[in-house]
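Peer 1: First, the structure itself, so that you have it in front of you.
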C-alpha cells in the first residue's frame with residue numbers, strides 16, 4: 001500500500017502571536033515551529049498501517065526550505081521518503097492543487113492529513129483534494145483500518161459517531177484517537193539523514209485569496225463581580241461598558 | 001461541526017500538560033546546534049515528559065526502580081547513542097549524547113545514572129576494549145535494553161583511590177578465578193552483565209565481563225538511600241567466580257581502562273547536571289511569577305530576582321562549558337582534566353541552584369509536588385560519584401602544578 005501523508009509546519013501551540021508588514025504577515029522571529037498536531041496523528045496512523053501490512057509512507061509538505069526540520073522529523077518517525085513543494089502555502093486551494101498534482105503523478109492508495117492545520121484552521125484541504133482527484137474524502141476520521149481495498153472508518157459527527165466503509169483510494173482528514181503521537185528514536189533520527197527528500201516546484205500559482213489584514217482578539221478584560229442585590233447596576237454596566245444590551 | 005478535544009491552549013500534547021518544562025537559552029546557544037541536535041533534544045524531552053515525569057515522584061518516594069523504563073530507554077535510543085549503529089547504537093556525536101543526558105537528568109538524576117552506566121561504563125568499554133565477538137554478543141542487547149549492565153570499580157575501602165583495589169583475577173588454566181567485592185554500584189541488583197575491574201597476578205588492572213548466573217556471583221542491594229531513590233544501587237560480590245577466558249577485555253591493561261570509561265560518563269554528568277539545574281530554575285521562575293505575597297507575585301521582590309538572575313547566569317556559563325567540551329570530544333581532543341572541570345563546576349552549580357530554587361518554592365519546595373527536593377537529594381550523590389567534588393580539584397591542581405596531591 002502506498003500512503004501519502006500531508007503535513008503542515010505550524011507555530012507551536014503556546015506561541016505568542018504578533019504580526020509584521022502592516023499586519024499582513026505572521027512575525028516568525030523567535031517562533032518555535034512544529035508538525036501540525038492533527039497531521040502528526042495522521043502520520044502516526046500511516047506508520048502503524050505500514051508496520052502492520054507493509055507498503056510505503058511518503059510525506060508531503062508545501063513550504064519553503066525552513067520547513068525541512070519538520071519533514072526530517074517525519075522521516076525520523078518512520079516515513080520512507082519526502083517531497084517538499086517549494087512554495088509558501090498561501091491558501092487551502094493552492095495547497096490542495098499542489099497535493100493533487102503530486103498525487104496524480106504517483107497514485108497513492110491513501111492520502112492522510114490532519115482534519116485542519118492549527119495556524120489558519122481552514123479544514124478544507126482534504127475535501128478539495130478529494131474533489132480534484134475525483135475520489136472520496138472523509139473528515140474528521142478518528143479510526144481507520146484497511147481490509148483489502150476497503151477502508152473502515154469511524155468519523156465524529158454532531159452528537160455521535162458514524163461508521164463508514166469506503167473504497168480506496170481515499171483522502172482522510174484525521175484527528176485523535178486515530179493513533180498515538182510517535183516520538184522519533186535516536187536510530188530513526190540518524191537514518192532520516194539519508195532518506196530521500198525531493199524538492200519540486202509548484203504547479204500553477206493561482207492566488208484566489210490575499211490577506212489584507214490580521215487582527216488579534218481584544219485582550220480579556222478583568223472580571224467584575226456584581227452582588228445579586230445590585231442587579232440594576234449590572235444592567236447599567238452591560239449597557240454602558242460592555243455595550244451588549 | 002464536531003469538535004476535537006485537542007487542547008491547543010496548554011501544550012501540544014495534552015498528556016504532558018503537567019510537565020511544562022522549557023529550557024532557557026539566554027545566549028542563543030541553540031544557534032550552535034544542528035537541526036538534528038534540536039530534534040534529538042525535543043524527542044528526548046517528549047520522552048521524559050511522557051514516560052518519566054508522570055511516574056518518577058512515586059517511584060522515588062517508594063525507593064523503587066522503574067524497571068519497565070529499561071526497555072523504553074532502549075527503544076528511544078538512550079543507551080549507547082555514540083556507539084556505531086552496526087552494534088545497535090545510535091552512531092551520534094557527543095553533543096547529541098550530552099543533550100540526551102541533559103534531558104534525562106532534567107527528569108531525574110537516577111534515570112540519567114541508569115542510562116550513563118549502560119552507555120558510558122558498560123557499552124563503551126566493551127566497544128572500545130572488547131573483542132569483535134564480545135561487541136557482537138553484548139552491545140546489541142545492551143543497546144535495546146534487553147540486558148541491563150553495571151560497572152564495578154569502587155570497593156568498600158577504595159573509592160577515590162581505585163588503584164588500591166583488592167579484587168583479583170587469577171589465571172586458573174581454562175578460566176580466570178574472580179574474588180573480591182565492589183560497592184556503590186548503580187544498576188547492580190537488576191544487572192544482567194557487569195564490567196568488573198580486578199588485579200591480576202602481576203598487579204595489573206584488567207577488565208572482565210561477568211554475567212548474572214555465574215556461580216559465586218551475587219548482587220546485594222543497598223537500602224535506605226536518601227538520594228537517587230528511583231535508581232537501584234548495590235554491591236557486587238565475587239566468591240571464586242569462574243570467568244571464561246573469552247570474557248576478558250583483551251585490548252586494555254591498567255587503570256587507564258576504567259579511567260577512560262569515567263571520562264565518558266563524567267562528560268555525560270556535566271550535561272546531566274545542567275538538565276537538573278534547568279528544571280529547578282524553570283520551576284522556580286514559574287512559581288515566583290504565580291505565588292502572591294504582600295499582594296504581588298514574589299517575583300517582584302529583589303531577593304527573588306537576585307536568585308533567578310544568578311541561576312540563569314550560572315546555567316548559561318555551564319551551557320557554554322558543555323557545548324565547547326562536546327565539540328572537543330567530537331574532535332577527540334577533550335582531556336581528562338577538561339572533563340573534570342566541567343563535571344565539578346556543573347554539579348556544584350546544579351546543587352546550589354536546587355537549594356536556591358527550594359527556597360523560592362517555600363514550603364512547597366520540600367514536597368513531592370515539585371521536583372526540586374528530589375533533584376537536590378539526587379545531586380548529593382552526583383557530586384560524590386564519578387570522582388568526588390574534591391578529587392576533581394586535585395586533578396585540576398595536578399594539571400596546573402604538575403604535583404599530584406592525591407598520592
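Residue numbers (full-length UniProt numbering), protein chains in the order written: chain Z, 1 to 245; chain F, 1 to 407. Glycine included, C-beta positions come from ideal geometry on N, C-alpha and C. This structure is a prediction, so every number in the text was calculated from the model and none was measured.
If you compare alpha carbons, which of F:36, F:42, F:249, F:273 is closest to residue 200 of chain F?
Peer 2: On the second chain, position 200 is the one that residue 200 of chain F refers to. The shortest C-alpha separation from residue 200 of chain F is found at F:249.
Peer 1: Helix, strand or coil, according to DSSP, for residue 116 of chain Z in the structure here?
Peer 2: The sequence position of residue 116 of chain Z within the first chain is 116, counting from 1. It is coil, neither helix nor strand.
Peer 1: Do we get a CB-CB distance below 9 Å when we pair residue 185 of chain Z with the residues of chain F?
Peer 2: By 1-based counting over the first chain, the position of residue 185 of chain Z is 185. Yes, its Cβ sits closer than 9 Å to a Cβ of chain F.
Peer 1: Beta-carbon of residue 81 of chain F versus every beta-carbon of chain Z: anything under 9 Å?
Peer 2: For the purposes of this step, residue 81 of chain F is identified with residue 81 of the second chain, where counting begins at 1. Closer than 9 Å to some Cβ of chain Z, the Cβ of residue 81 of chain F qualifies, so yes.
Peer 1: Residues of the region 85 to 110 of chain F in Cβ contact with chain Z at a cutoff of 7 Å, in chain order, please.
Peer 2: Of all residues in the region 85 to 110 of chain F, 85, 90, 91, 92 have a Cβ within less than 7 Å of some Cβ in chain Z.
Peer 1: Going along the chain, which unbroken runs of the alpha helix (DSSP H) with 4 or more residues stay wholly within the region 89 to 177 of chain Z?
Peer 2: DSSP runs (the alpha helix (DSSP H)) wholly in the region 89 to 177 of chain Z: 92 to 106, 125 to 133.
Peer 1: Assign residue 188 of chain Z to one of two classes, buried (16 or more other C-beta atoms within 10 Å of its C-beta) or exposed (fewer than that).
Peer 2: Residue numbering aside, residue 188 of chain Z sits at position 188 when the first chain is read from its first letter. With 16 or more Cβ atoms within 10 Å of its Cβ, residue 188 of chain Z is classed as buried.
Peer 1: So, is the C-beta of residue 190 of chain Z closer than 9 Å to a C-beta in chain F?
Peer 2: Translated into positions along the first chain, residue 190 of chain Z becomes position 190. For residue 190 of chain Z, the answer is yes, since a Cβ of chain F falls inside 9 Å of its Cβ.
Peer 1: Quick check: is the beta carbon of residue 12 of chain F nearer than 9 Å to any beta carbon in chain Z?
Peer 2: In the second chain, counting from the first residue as 1, residue 12 of chain F sits at position 12. The predicted position of residue 12 of chain F is uncertain, since its pLDDT is 36 and thus under 50; a value taken from the coordinates is nonetheless stated next. Cβ-Cβ to chain Z under 9 Å: yes for residue 12 of chain F.
Peer 1: Beta strand (DSSP E) containing residue 58 of chain Z: first to last residue?
Peer 2: As a first step, residue 58 of chain Z is located in the first chain; it is residue number 58 there, counting from the start. Start and end: 56 to 62.
Peer 1: Is there a Cβ from chain Z that is less than 9 Å from the Cβ of residue 75 of chain F?
Peer 2: Within the second chain, the letter at position 75 stands for residue 75 of chain F. Interface residue, yes.
Peer 1: Answer yes or no: do residue 350 of chain F and residue 265 of chain F have a C-beta to C-beta separation smaller than 9 Å?
Peer 2: Numbered from its first residue, the second chain carries residue 350 of chain F at position 350. Numbered from its first residue, the second chain carries residue 265 of chain F at position 265. Their beta carbons are not under 9 Å apart, which means residue 350 of chain F does not touch residue 265 of chain F by this criterion.
Peer 1: Ordered along the chain, which non-local residues of its own chain (more than five positions away) have a Cβ less than 6 Å from that of residue 45 of chain F?
Peer 2: Here residue 45 of chain F is taken as the residue at index 45 of the second chain, counted from 1. Cβ neighbours of residue 45 of chain F beyond the five flanking positions: 103.
Peer 1: Grab me the residues of residue 406 of chain F's own chain with a C-beta within less than 6 Å of its C-beta, minus the 5 sequence neighbours each way, in chain order.
Peer 2: The residue you call residue 406 of chain F lines up with position 406 of the second chain. 394.
Peer 1: Note down, in chain order, all residues in the region 66 to 89 of chain Z with a beta-carbon under 9 Å from any beta-carbon belonging to chain F.
Peer 2: Residues passing the 9 Å Cβ filter: 68, 69, 72, 73, 76.
Peer 1: Check whether the region 122 to 130 of chain F touches the region 79 to 95 of chain F, taking contact to mean three or more Cβ pairs, one atom from each stretch, closer than 8 Å.
Peer 2: Enough Cβ pairs lie closer than 8 Å, so yes.
Peer 1: Quick check on residue 68 of chain F: buried or exposed, where buried means 16 or more other Cβ atoms within 10 Å of its Cβ?
Peer 2: Counting from 1 along the second chain, the entry for residue 68 of chain F is found at position 68. Exposed, since its Cβ has fewer than 16 Cβ neighbours within 10 Å.
Peer 1: By Cβ distance below 6 Å, which residues in the same chain neighbour residue 152 of chain Z in space, the five residues on each side in sequence not counted?
Peer 2: Taking the first residue of the first chain as 1, we reach residue 152 of chain Z at position 152. Closer than 6 Å at Cβ, skipping near neighbours: 145, 165.
Peer 1: Since residue 145 of chain F is in the alpha helix (DSSP H), which residue starts that stretch and which ends it?
Peer 2: In the second chain, residue 145 of chain F corresponds to position 145, counting from 1. Looking at the DSSP string, residue 145 of chain F is not in any alpha helix (DSSP H), and its letter there is neither H nor E.
Peer 1: Using Cβ-Cβ distances below 8 Å, what residues of the region 35 to 66 of chain F are close to chain Z?
Peer 2: Within the region 35 to 66 of chain F, the residues whose Cβ lies closer than 8 Å to some Cβ of chain Z are 35, 36, 38, 39, 40, 43, 46, 47, 50, listed in chain order.
Peer 1: Using 9 Å as the limit for Cβ to Cβ distance, is residue 276 of chain F near chain Z?
Peer 2: Residue 276 of chain F sits at position 276 when you count from the first residue of the second chain. Chain Z, which has no Cβ nearer than 9 Å to the Cβ of residue 276 of chain F, makes this no.
Peer 1: How long is the line joining the alpha carbons of residue 94 of chain Z and residue 168 of chain Z, rounded to whole angstroms?
Peer 2: Taking the first chain and counting its residues from 1, the one referred to as residue 94 of chain Z is at position 94. Taking the first chain and counting its residues from 1, the one referred to as residue 168 of chain Z is at position 168. Their Cα atoms are separated by approximately 24 Å.
Peer 1: When you compare the CB of residue 78 of chain F with every CB in chain Z, is at least one pair closer than 9 Å?
Peer 2: Your numbering for residue 78 of chain F matches position 78 in the second chain. It does: the Cβ of residue 78 of chain F has a partner Cβ on chain Z nearer than 9 Å.
Peer 1: Report the rounded CA-to-CA distance for residue 10 of chain F versus residue 295 of chain F, giving the unit in angstroms.
Peer 2: Translated into the one-based positions of the second chain, residue 10 of chain F becomes position 10. Translated into the one-based positions of the second chain, residue 295 of chain F becomes position 295. With a pLDDT of only 35 at residue 10 of chain F, under the threshold of 50, the placement of this residue in the model should not be trusted; the figure read from the coordinates follows. Taking the straight line from one Cα to the other gives about 26 Å.
Peer 1: Just to confirm, are residue 8 of chain Z and residue 183 of chain Z a CB contact at a threshold of 9 Å?
Peer 2: The residue you call residue 8 of chain Z lines up with position 8 of the first chain. The residue you call residue 183 of chain Z lines up with position 183 of the first chain. Not in contact: residue 8 of chain Z and residue 183 of chain Z (Cβ atoms no closer than 9 Å).
Peer 1: Please go through the same chain and pick out, in chain order, the residues whose beta-carbon is closer than 6 Å to the beta-carbon of residue 112 of chain F, but skip the five residues on each side of it.
Peer 2: As a working note, residue 112 of chain F is residue 112 in the second chain. For residue 112 of chain F, where only same-chain residues beyond five positions count, the Cβ hits under 6 Å are 101, 104, 105, 272.
Peer 1: Is the distance from the Cβ of residue 117 of chain F to the Cβ of residue 178 of chain F below 9 Å?
Peer 2: Here the question's residue 117 of chain F lines up with position 117 in the second chain. Here the question's residue 178 of chain F lines up with position 178 in the second chain. For residue 117 of chain F and residue 178 of chain F, no; Cβs fall outside 9 Å.
Peer 1: Distance, Cα to Cα, residue 348 of chain F vs residue 312 of chain F?
Peer 2: The residue labelled residue 348 of chain F in the question sits at position 348 within the second chain. The residue labelled residue 312 of chain F in the question sits at position 312 within the second chain. Straight-line Cα distance between these residues: approximately 15 Å.
Peer 1: Across the region 69 to 86 of chain Z and the region 25 to 35 of chain Z, are there enough close Cβ pairs to call them in contact, namely three or more that are closer than 8 Å?
Peer 2: Short answer: they touch.
Peer 1: I'd like to know if residue 45 of chain Z contacts chain F, where contact means its C-beta is closer than 9 Å to some C-beta of that chain.
Peer 2: Locating residue 45 of chain Z in the first chain gives position 45, counting from the first residue. Not closer than 9 Å to any Cβ of chain F, the Cβ of residue 45 of chain Z fails to qualify, so no.
Peer 1: Considering residue 289 of chain F, what are the terminal residues of the beta strand (DSSP E) in which it resides?
Peer 2: Stepping through the second chain from its first residue, residue 289 of chain F is reached at position 289. Careful: residue 289 of chain F lies outside any beta strand (DSSP E), inside the alpha helix (DSSP H) at 256 to 290.
Peer 1: If we count Cβ pairs, one from each stretch, closer than 8 Å, do we get three or more for the region 83 to 98 of chain Z versus the region 119 to 127 of chain Z?
Peer 2: Output reads yes: the region 119 to 127 of chain Z touches the region 83 to 98 of chain Z.
Peer 1: Nearest CA to the CA of residue 174 of chain Z: which residue from Z:150, Z:111, Z:83?
Peer 2: What you label residue 174 of chain Z is simply residue 174 of the first chain in a count that begins at 1. Cα-wise, what sits closest to residue 174 of chain Z is Z:111.
Peer 1: Which same chain residues end up closer than 6 Å to residue 156 of chain Z when comparing Cβ atoms and leaving out the 5 residues on each side of it in sequence?
Peer 2: For the purposes of this step, residue 156 of chain Z is taken as residue 156 along the first chain, with counting starting at 1. 140, 142, listed in sequence order.
Peer 1: Within the 9 Å Cβ cut-off, does residue 180 of chain F reach chain C?
Peer 2: Although the question refers to chain C, the structure presented lacks it and instead comprises the protein chains Z and F.
Peer 1: Could you work out which residue in Z:84, Z:59, Z:212 is closest to residue 24 of chain Z when comparing CA atoms only?
Peer 2: Position 24 of the first chain, counted from the first residue, corresponds to residue 24 of chain Z. It is Z:212.
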